[in-house]
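Student: Residue numbers (the numbering used here): 14 to 985. Glycine is no exception: its CB is placed at the ideal position from the N, C-alpha and C atoms. Submitted below is the structure of interest, expressed as C-alpha cells.
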RNA sequence: GCGGGGGUUGCCAAGCCAGGUCAAAGGCGCAGGGCUCAGGACCCUGUCCCGUAGGGGUUCGUGGGUUCAAAUCCCACCCCCCGCACCA
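Written out as C-alpha cells, the structure is:
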C-alpha cells in the first residue's frame, strides 16, 4: 500500500472546517448550550502526547455535543503566570547546557532560535504559538477568537477585580509563611530552581531549652517526648559554636544555626565564638525533669542540623546509643571524662512490643552498626522512629505521660513545654542538603506579611461540598479525592515576589501566584471575544486597563448594577454591554471542565471553591473530567528517559486521527493509557481501511430491497452499537466508543459478509445495509477521528460535513429479537460443529443438523415464562407440564426436558431470558437458510431436519439431543 | 502516616457498581492455514490443561465467609501506583 498522506487529509478537512466556521460559537437562544473547557496549557515547553489526551477527550466531548444539537463552545487560553518560565528563561540566558540540550535535542528547536527565547514573555509566546499550531494540526475544534493569555493587561485587570472581591468578602488573610529560599538570589526556590530538581520539604524542628548559668543550650529534635530519656546532650567537638543573643535570651548554637535564625525573623547578636570542645563536660539542666546532664562530644552531630546541639536518648535513638558506646570504648588521657561517661546508662521511656527495654540497642545490633558514622544508622533510626511513633507507649519513667501513646505524648509535651517557655520551634529542610542552581545552599526563610486565600473557612467548605455533590465527576472514582481535598485545604499562600502574573491590587509588591489566578478564567472566555482587536471600544482599555472599573466586571459577571450606569461610567455602548452580559448568562456555567488527574487536589478543587464564592448557585460548575496520563511504551514520559514525543512531531509521524485514537483506545478514563508505535500503525491501518471500504459503498443507497433475516440482524447489531456508543460517549468512556466503532461493529460486519459469502447473489441487500452501517460509523467516529470521519462521509457520497451531521439515534424499530436469536443459533451451531470436529479429529463428508422438536420448544417457552414471572418450584412446573395430555403422551423425555429447561431458565441471566421469551425462530428454516454458509465453512454436505419429523434420517438417533438454540449434530 | 486508585488468563486491557450466556470482550504477541513470486498487509483457525461428539478439570493478588451459584458481594491480609500544597 502506498504511504497514506495523512497531512493532505488533515489539511483538506481543517480548511473546510475553518471555511465553515464549525468551531466558532456565539449565543443562540433557540438552542441549548454546552460549554467545555480544558485546563489551559503552560507554555514553557512544546506539548507532548500526554497533553493530547486531555484535550482530545475535551474535543471529542465538544464535538459529540455539537452533533447532538448543543450550541457548543470549546475555547482555549494560555497560562503565562508563575516562575518556571521565568527560571527557564534565566537559565537559558546563562547558557545552562542542560536546558540547551533539552531545547535543541528533545524539543527540536533550532539553536539559532534560542537567543530569542531568553526573555520569559518571548519564550512563552514562542511555545504558545507552537502549542496552538499543534492544537490546530491535531484538529481540536477550538474557538480561537476567544484566545487570551494571563499576561494580557485586561486579564490582569480581571484578576485584580477577582482578588479585590475576595478581599472585600473576607476570603483573604495575612500571616507569615516559611519557604525554601536561596540566600544568594534572595528569592524563594521551587523545584525548577533546585539542582537535581528535588522538592524541598519543610518541617518543624523542636528546640528544647537546656540551661546552664542562665545560658540556653537549645537542642533540636523531632521527638520532644524523648526528653525523659535524655542522659546527656551532644555537641560536635570539630564544629564552631557561638554564644549569641537570640531575641531576648542568651543561646549557645552552632555557627550555621545563626543564619537559620536570621532567616526566620529572630533578632540575632553574636557575642563570642566558641569551639565545640569549649562546651564539653559542662552540666546543663533538663527543663522537663530538672536533672543535670553532661555535654558530651559526638561526631555524628551536624552543625547545620537545627542548632547543632542535640539531646542524647541512648535507650531509643540508635545514633545516641552508638555514640555512647563509642565514648565508653574510647581511651581517655584524663580521668574526668571517664568518670562522667561511666555513670551514663540508657533510660527506658517507651515500651515497644517485640523489643527489649532499649530498642535502640536492639536496632544497633540488628543492623550490625560499626560506629556512629555508619550509614546504616540512618535506616535503623528511620525504622525505629516509625515503629515507636505508631506502636510505642510511654513507660513509668515518663510521668505524667505514662501510658500515653508516643503520638499523643508528643503532642502533650510540645503543648506543655511550649506554654511554659521551655521549648520553641524553627522550620527546617527535612531533605537537606538542597542546593540552588546558582550553587548556594537553600535555607528556610520565613516570609512576613504573606497573603493567603483562606480555604479553611468552614462556611466556604460547606458550599464547595454542596457544589461538588451536584456535579458530574468523571470518572466517578475521583469523587472521594475531591471530598478529601475540600476538607483538608487550609490557608494557601496566593502571592509571591517573583514570576509573571498580576500584581495584588492592594499590595503591589506581590504577584498573584499561578494556581490562584486561574480559577475563574473560564468566565473570561466570554469577555475575550469582545476584547479581540476588532472591537475598537475595548482597545482604549487595553492601553490603560485601570480605566475599566470594577463595576464593569460586577455587571458583566455578577449581574450587578445597571447597563445605563456602567455604560455611563465606561463609555461602552449599552448595546455591547448588554450583548456581553447576555453572552455570559447564556454560556455560563461551564458544563464540563477537563483536566488530567493531577489537578484534582489543587486547581480543580480551587475552581469549585472560587465559583461557589463568587457566583450564584445556577452558575456553579456542573462537571469535571479528570483523566489519567499517557505512558510511552509502558514508561512514564520524562526528559531523562528521552521518551517525550512533542505533539507536532507525533502528528507529523502518525497522523492526527491515529494519534487521537491512540491516546484514547487502550485504557478507560481513570487509567493511565499506553502509547506505542505498533498501536499507532495498527490504528492507521484500521482507519485507512474504513476509508477504502467507504469507497466501495459510494452511493449504494439505491433501490429498496426486502431485507433477509441476516440483513435485519446486521441492522439490529448496528442499532445496539449505536445505543452502546451513545451511553458510552455520554459518560466519556471513549475507549469503549473506539472499541464499539472500530472493533465490535467491524466484527459484526465481517461476520455479516462471511455469512453472505464471497459472491454477490442476485439481489441481496448487502450494499444498502453496509452503506447504512458505514454512515453511522462515520458519524460515531466524527468526535474521535474527525478527519477520517469526514473523508468517509464524503466518500460515501453524503452532502455536507459529518462534523455538522447528527449523532445517530438508536431506533427500536431496528432492534430485531428474532433475527438476533436466529443468528445466535447459527453461530452456536458453527462453534459446536467445529468443536466436535476438533475433538474427534474427523473430516466431515456430511453434516446433519436436527432442530429441536416442537414439543421441546413449547416446554422451553413455558419454562422461560415461569422463571420470569414466578420462579415456582421445579416440581410444580413439571407437574404443570405433564398435565398437558399431548406432552404426557411423550412421557419421561418430556418430564426430563421440563426439569432441564426449567433449571436453565431459572439460572439464566435476566437479559438473556428477556430476549428469548416469546421469541422462537423457526430453527429448521434458520439452519436451512444457513446451509450454504455451513457448506462453505466445512466443505461438507449439509442436511437439516427437525426432531420428530416423519422422514427423518437419523442413523445414530442423535436428533433426541436437540434442544432449542442447540440443534443436535451428526457428522459422518 | 493520611487520602485516593489499582492487582484479571504471555503482555496491554475490559468485566466488578446491578452475582448466573465467564475459560472471561478487544488489542498486541505467538503458532498453523489461506492469499502472494516472496515479504508486508489482509482473511481464517488456534493460543490454561485434558478429551475420537458439542464435554470435563483448574483459574481472575492471598486466605476466609455469604449464596443453589462468586472475577463480581462481605471480612482480613499482602503487593504496586499517585497526591499530601504555595509548585505549574
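Tell whether a beta-carbon distance below 8 Å holds between residue 499 and residue 527.
Tutor: no
Student: Less than 8 Å between the C-beta atoms of residue 289 and residue 245, yes or no?
Tutor: no
Student: Taking only the alpha-carbon atoms, compute the straight-line gap between residue 360 and residue 332 and give it to the nearest angstrom.
Tutor: 15 Å
Student: By the three-class DSSP mapping on this structure, what secondary structure does residue 959 have?
Tutor: strand
Student: I need the DSSP call for residue 462, collapsed to helix, strand or coil.
Tutor: Strand, per DSSP.
Student: Determine the closest residue to residue 915 out of 94, 873, 741 and 234, with distance taken between C-alpha atoms.
Tutor: 873
Student: Quick check on residue 15: buried or exposed, where buried means 16 or more other Cβ atoms within 10 Å of its Cβ?
Tutor: Low confidence applies to residue 15: its pLDDT is 47, below 50, so where it sits in the model is not reliable, and the reading given next is rough at best. It counts as exposed.
Student: How would you label residue 192, buried or exposed, when you count the other beta carbons within 10 angstroms and need 16 or more for buried?
Tutor: It counts as buried.
Student: Using the Cβ count rule (16 or more neighbours within 10 Å means buried), how would you classify residue 520?
Tutor: With fewer than 16 other Cβ atoms within 10 Å, it is exposed.
Student: Determine whether the beta carbon atoms of residue 328 and residue 364 lie at a separation below 8 Å.
Tutor: no
Student: Can you tell me whether residue 626 is helix, strand or coil according to DSSP?
Tutor: helix
Student: May I have a chain-ordered list of the beta strand (DSSP E) segments no shorter than 3 residues that lie completely inside the segment 26 to 103?
Tutor: Whole beta strand (DSSP E) segments, 3+ residues: 46 to 51 and 84 to 86.
Student: DSSP on residue 179, reduced to helix/strand/coil?
Tutor: helix
Student: If residue 46 and residue 543 are in contact, beta carbons under 8 Å, what's the gap, nearest whole angstrom?
Tutor: 17 Å between Cβ atoms; not a contact.
Student: Going along the chain, which residues of its own chain have a beta-carbon closer than 8 Å to the beta-carbon of residue 420, five neighbours each way excluded?
Tutor: 402 and 403
Student: Within its chain, find whatever has a CB closer than 8 Å to the CB of residue 958; leave out the 5 residues flanking it on each side and keep chain order.
Tutor: 861, 862, 863, 864, 937, 965, 966, 967 and 972
Student: With a Cβ-Cβ cutoff of 8 Å, do residue 336 and residue 311 count as a contact?
Tutor: yes
Student: Hey, would you say residue 177 sits closer than 8 Å to residue 518, going by beta carbons?
Tutor: yes
Student: Where does residue 223 fall in DSSP's three states?
Tutor: strand
Student: Count the other CB atoms within 10 Å of the CB of residue 32; is the residue buried (16 or more) or exposed (fewer)?
Tutor: exposed
Student: Which same chain residues end up closer than 8 Å to residue 490 when comparing Cβ atoms and leaving out the 5 residues on each side of it in sequence?
Tutor: 683
Student: Give me the residue from 399, 433 and 434 with the minimum Cα distance to residue 418.
Tutor: 399
Student: Checking the sheet assignment: what are the DSSP bridge partners for residue 449?
Tutor: The partner list for residue 449 (beta bridge, DSSP) reads 207.
Student: Is the beta carbon of residue 832 less than 8 Å from the beta carbon of residue 725?
Tutor: yes
Student: Under a Cβ-count criterion, where at least 16 other Cβ atoms within 10 Å of its own Cβ denotes burial, should residue 30 be classed as buried or exposed?
Tutor: buried
Student: Shortest alpha-carbon distance to residue 822 belongs to which of 60, 81 and 59?
Tutor: 81
Student: How should residue 463 be labelled, buried or exposed, when 16 other C-beta atoms within 10 angstroms of its C-beta is the threshold for buried?
Tutor: buried
Student: Can you check DSSP and say which residues form a bridge with residue 187?
Tutor: Answer is 464, bridged to residue 187.
Student: Using only the alpha-carbon positions, how far apart do residue 889 and residue 870 sit?
Tutor: Going from the Cα of residue 889 to the Cα of residue 870 covers about 19 Å.
Student: Could you tell me which residues DSSP pairs with residue 195 in its beta bridges?
Tutor: 200
Student: To the nearest angstrom, how far is it from the Cα of residue 48 to the Cα of residue 668?
Tutor: 28 Å
Student: Any contact between the segment 251 to 269 and the segment 336 to 348? By contact I mean 3 or more CB pairs, one from each, below 8 Å.
Tutor: no
Student: Would you mind sorting residue 316 into buried or exposed? The rule is 16 or more other CB atoms within 10 Å of its CB.
Tutor: buried
Student: Provide the residue span of the alpha helix (DSSP H) that contains residue 496, from first to last.
Tutor: Residue 496 -> alpha helix (DSSP H) spans 492 to 501.
Student: So, for residue 269: in the same chain, excluding its five sequence neighbours on each side, which residues have a beta-carbon less than 6 Å away from its beta-carbon?
Tutor: 316 and 317
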